[in-house]
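Under the numbering used here, think of the first position of the sequence shown as 228, with each following residue one higher. Note that CB positions come from ideal geometry on N, CA and C, so glycine has one too.
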Amino acid sequence: MEQNHVNALAIGRGKVQLWPLQDGAGHIQYGADGAVTLWIAARDAICADAARLVPMLTRLGVIEPPSADDMPDWPITITGWSVPMRLVGGVAAHDAFGAVRDGHDAPHIMGLSLGPVDLADRPRAVQAIAHVASLIASVVDAQAIFWPPANLWSNVSELPHAVAAMERSGMPPILHFVQFSAPKPGEMVTEGLAWLAGHELAATMPADMTAAEGVRRLARFSIDLMLNGPMAGDVVIAGLARGERIHIRLPHAAGEPIRLALTTSGGRQ
């Protein structure tokens with residue numbers, strides 16, 4: 228069934244739209260050990276030129292100054308952050324990314340890669356990779372980013388604002404790393420949250436609740452799940468609005484989502 232993708236930061240022509248992964252190319256999938264690459268689609272040809280890019284990234288504080296004997300080349304090692312990263316560009320990035328170009332029309336692609344990351348460390352890793360990606364984006368005239376765990380293209384222009392909000396609140400930029408979809412009215416599911424928190428969400432809600440209202444509620448729950456882990460058992464908690472309740476049912480088997488049922492004071496669902 229085709230789903231209605233409702234992320235507010237997804238990119239499209241004049242309206243909200245998403246492009247999921249089309250060709251299933253294995254080299255851009257993420258590994259079971261948490262290794263993953265954030266792909267950056269950009270317009271500036273500096274993406275293919277490590278010698279020009281390294282001095283600019285050094286001035287921004289993205290990388291440490293190289294020694295005089297080091298010749299800039301791919302991959303560029305990024306240290307000094309909470310997790311180590313590598314930046315891949317040029318022919319290697321183009322070949323690795325393959326034909327998956329739906330969602331942007333930028334001529335260049337580069338990848339920001341994380342090595343294996345334990346589940347408990349992934350929220351912190353996402354904060355670091357989002358911060359670094361926002362700095363790189365300002366140098367390479369980036370248009371969009373692609374996050375494989377969520378099969379999600381999103382508009383890079385909003386990433387600096389999300390990073391600034393993250394630094395104020397400590398909350399990860401969830402809309403760039405988790406896809407929220409509505410299979411049909413009154414339902415919403417996530418994709419990509421399992422990479423961050425170990426579980427996806429599947430929610431039912433009043434049929435007249437807007438997509439934006441649903442995303443707001445699931446995004447808040449997703450962040451809580453990422454930072455604090457799941458509840459100890461099935462529970463009912465207060466929702467965002469007066470009289471609203473969220474009935475939470477934990478999964479009983481591996482791979483099942485956490486199920487949420489949003490109801491109002493009148494029992495409407």
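By Cβ distance, which residues of its chain are closer than 7 Å to residue i, with the 5 residues on each side in sequence left out?
i: residue 253; result: Residue placement at residue 253 is poorly supported in this model, since its pLDDT is 33, which falls under 50; the coordinates still yield a value, given next. So no residue of the chain qualifies.
i: residue 251; result: Here residue 251 scores only 33 on pLDDT, less than 50, and its place in the model is too uncertain to base an answer on.
i: residue 354; result: 393 and 399
i: residue 419; result: 374, 376, 377, 379, 404, 405 and 406
i: residue 256; result: Below a pLDDT of 50, predicted positions are generally treated as unreliable, and residue 256, at 45, falls in that range; the measurement from the model is reported next regardless. Within the same chain, residue 256 has close Cβ partners 375.
Taking residue i as the reference, give the member of the options with the closest Cα.
i: residue 409; options: 353, 432 and 302; result: 432
i: residue 337; options: 264, 357, 406 and 405; result: 264
i: residue 389; options: 344, 289 and 356; result: 356
i: residue 365; options: 424, 454, 270 and 415; result: 270
i: residue 497; options: 491, 480, 460 and 452; result: Because the chain spans 228 through 496 in this model, residue 497 falls outside it and cannot be assessed.
i: residue 479; options: 283, 308, 461 and 470; result: 461
i: residue 260; options: 274, 369 and 423; result: 423
i: residue 276; options: 383, 314, 481 and 475; result: 314
i: residue 317; options: 310, 278, 343 and 381; result: 278
i: residue 397; options: 451, 464 and 369; result: 451
Look at the Cβ atom of residue i, then the Cβ atom of residue j, and state whether they are nearer than 9 Å.
i: residue 367; j: residue 312; result: no
i: residue 199; j: residue 333; result: Lying before the first or after the last residue shown, residue 199 is absent from the chain, which here runs from 228 to 496.
i: residue 305; j: residue 289; result: yes
i: residue 485; j: residue 444; result: no
i: residue 415; j: residue 456; result: no
i: residue 413; j: residue 436; result: yes
i: residue 346; j: residue 425; result: yes
i: residue 446; j: residue 487; result: no
i: residue 427; j: residue 434; result: no
Using 10 angstroms around the beta-carbon of residue i, count the other beta-carbons present and answer buried if the total reaches 16, otherwise exposed.
i: residue 449; result: buried
i: residue 417; result: buried
i: residue 349; result: buried
i: residue 483; result: exposed
i: residue 352; result: buried
i: residue 481; result: exposed
i: residue 453; result: buried
i: residue 463; result: exposed
i: residue 369; result: buried
In chain order, what residues of the same chain lie with their CB nearer than 8 Å to the CB of residue i, ignoring the 5 residues before and after it?
i: residue 281; result: 290, 293, 299 and 303
i: residue 283; result: 273 and 366
i: residue 319; result: 301 and 302
i: residue 262; result: 340, 341, 342, 343 and 344
i: residue 458; result: 475 and 477
Once you ignore the five residues that flank residue i on each side, which residues in its own chain have a CB closer than 6 Å to its CB?
i: residue 362; result: 287 and 289
i: residue 308; result: 355
i: residue 476; result: 461 and 486
i: residue 285; result: 292
Can you determine whether any heavy atom of the ligand ATP sits closer than 8 Å to the C-beta of residue i, and answer yes or no?
i: residue 279; result: With respect to the ligand ATP, the structure offers nothing, as it holds no ligand at all.
Are the segment 379-396 and the segment 338-351 in contact at 8 Å, needing three or more beta carbon pairs? Here the segment 379-396 makes no contact with the segment 338-351; the two share fewer than three CB pairs at distances below 8 Å.
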